[in-house]
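Quick note, in UniProt numbering, the sequence shown goes up one by one and the last residue is 74. For each residue, glycine too, the CB sits at the ideal point set by N, CA and C. All figures in this text were calculated on a predicted structure; none of them were measured in a lab.
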Amino acid sequence: KPQQNGFNESFNGRLRDELLNETLFRSLPHARIVLESWRRDYNEARPHSKLGWLTPKAYAEALDRKDRPACCAG
1 KPQQNGFNES FNGRLRDELL NETLFRSLPH ARIVLESWRR DYNEARPHSK LGWLTPKAYA
61 EALDRKDRPA CCAG
């Protein structure tokens, strides 16, 4: 059922609007390259408001550091 998982619906909508509706893929390898580039931008370069304007990568790294025992934080 649509709209049951807001995160997935938001991600799918952005992927569709920003990439899939705008790109004509020449081949499956071309699609893989373009999708990977978009995914990296989405996760590593683009800040997200729900994550306090951090990128998902930076947010995950901060959580990882926070959850480590004091002996292992680094």
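Would residue i pass as a contact of residue j if the rule is Cβ separation under 9 Å?
i	j	result
leucine 35	leucine 24	no
phenylalanine 7	tyrosine 42	no
What is the rounded straight-line gap between the Cα of residue i and the Cα of residue j?
i	j	result
proline 56	glutamate 44	6 Å
tyrosine 59	leucine 51	7 Å
histidine 48	leucine 54	6 Å
aspartate 64	proline 29	33 Å
arginine 39	alanine 62	20 Å
In the DSSP output, which residue or residues are listed as bridge partners for residue i?
i	result
leucine 24	None, per the DSSP bridge assignment.
histidine 48	Leu54
With respect to 8 Å, is the separation between the Cβ of residue i and the closest non-hydrogen atom of the ligand ZN below this value?
i	result
arginine 46	Because no ligand of any kind appears in the structure shown, any question about the ligand ZN cannot be addressed here.
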